[in-house]
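Let me begin by presenting the structure, written as structure tokens, before commenting on it.
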């Protein structure tokens, strides 16, 4: 989707040590996200970049991969070389049967 300049990984390639950065909106996060993921809405990334690790694998996630791809490109342009876009986003994560949790007591789902 973004070409070779934005590296991506599939849900099956995300290891347990990866820092998962979910850049979706709060309602999307509440409905369902990967366990252990860190929530940082896309529009807050410029002001909160210090929260994104500069070492270790960072996998950026949104619903389908568009917003997270933009965040990966932005971070790379600002010196991060350890960021990857989750190909297909949370829709792909769920389709691959990866664990999800919700914050509202309802079954986890992707909005």
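Residue numbers (the UniProt record's numbering): 1 to 111.
Glycine included, every Cβ here is placed at the ideal spot set by N, Cα and C.
N-terminal and C-terminal residue of the alpha helix (DSSP H) that residue i is part of
i	result
residue 75	66–77
Range covered by the beta strand (DSSP E) that runs through residue i
i	result
residue 22	19–22
residue 59	58–61
Closest residue to residue i among the options (Cα-Cα distance)
i	options	result
residue 102	10, 28 and 20	28
residue 40	54, 56, 60 and 82	60
Contact with chain D by residue i, beta-carbon distance below 9 Å
i	result
residue 40	Within the model displayed, chain D is absent; a lone protein chain is all it includes.
Neighbour-count burial assignment, residue i, 16 or more Cβ in a 10 Å radius
i	result
residue 1	At residue 1 the pLDDT is 49, less than 50, meaning the model places this residue with poor confidence; the figure from the coordinates comes in the next sentence. It counts as exposed.
residue 8	buried
residue 146	Since the first and last residues shown for the chain are 1 and 111, residue 146 lies out of range.
Cβ distance (whole Å) where residue i is taken to contact residue j below 8 Å
i	j	result
residue 73	residue 6	5 Å
residue 65	residue 87	6 Å
residue 71	residue 42	6 Å
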